[in-house]
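Residue numbers (the working numbering): 1 to 266.
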Amino acid sequence: MKRFIDFWKQDIINKFIVIVSLLLVGGVFAFFFMLTNMPDGKSLRDAVSEILPKLSASETELPPANTPEWTATPLAFNIPPTAMPASPTNNLPTLIPVPVLETATPTLGLIALTPTEGLFTASPTLGITSIVSINKDCIPNHPPQTGRVVEVIDGSTIRVLMDGLVYVVRYIGVAAPEDKFKGETARQINSVFVYGKDVNLIADVSDKDNSGRLLRYVLVGDTFVNLELITQGLGTALDVPPDSACTQTFRQAGQSAGSVTPPAAP
């Protein structure tokens, strides 16, 4: 027995192949044997059916289910009659007359605002006094330069385009307000006078100041802008010799406007 087991373990794969081959050969041989020995009138399917047992499922009839019968039994409710209280003939609340009060309708009105002294409104629509032809007799009889204002820097300084070049022009005899609010107001009013307009520039004695700005009297038509700003209280008279041709006129306008004239520059 041991020798048989040892023999079987040796080269077991080849032996397994041999066994499978023998089984296949046996199966083929049995198939051909059945074909050659098949009775007349029978098919291969019939022969296989005779060999294999017939498995037929027996049909089991289930007994009919007992369906319960339902009987409708009417329910009887005995509701005793309830006595309803008799409704009153008049259950509405009594109306009490209420007097109607007249409502006073407020009437809207306009309140006139009185401007406070020393306050300025920074708007081009300020109530500027009518600009009329102002005394220009103090202006020296020098030939004017003509240009167009392209920028307003502050209440006494502008930029003017002349002959294709832009020059910074400083108003002679006018000191712009040092207060930030008043200074902005003066700048805006100055813009109303000159911005985008053609101006005539007339020199006094000096041509430029130490900063290289042109020193000029500025006119727009018949309006003497230097004097107009002082008259409107948007600048004070400033005397810087030797450009003093209109100093007296500017001081008189400043006194009428209530502005304080700064001391003359040395």
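No residue lacks a Cβ here, since even glycine has one placed at the ideal position from N, Cα and C. For clarity, every value in this text was computed on a predicted model and none was experimentally measured.
In the structure shown, Lys136 falls within a coil segment according to DSSP collapsed to helix, strand and coil. From the listed residues Asp6, Leu24 and Ala176, the smallest Cα separation to Gly254 is found for Ala176.
By the beta-carbon neighbour count (other beta carbons within 10 angstroms, threshold 16), Asn190 is buried.
Annotation for Val149: the continuous beta strand (DSSP E) segment containing it runs Gln145 to Asp154. Beta-bridge pairing by DSSP links Asn200 to Thr146 and Leu219.
Membership of Ile13 in the alpha helix (DSSP H) is indicated by the continuous run Ile12 to Thr36. Contact annotation, Ala186 with Gly155: C-beta distance approximately 3 Å; criterion of less than 8 Å satisfied. The three-state secondary structure of Val168, taken from DSSP, is strand. Thr146 and Val220 have their C-alpha atoms roughly 10 Å apart. Distances from the alpha-carbon of Leu215 to those of Gln248, Leu23 and Thr157 put Thr157 closest.
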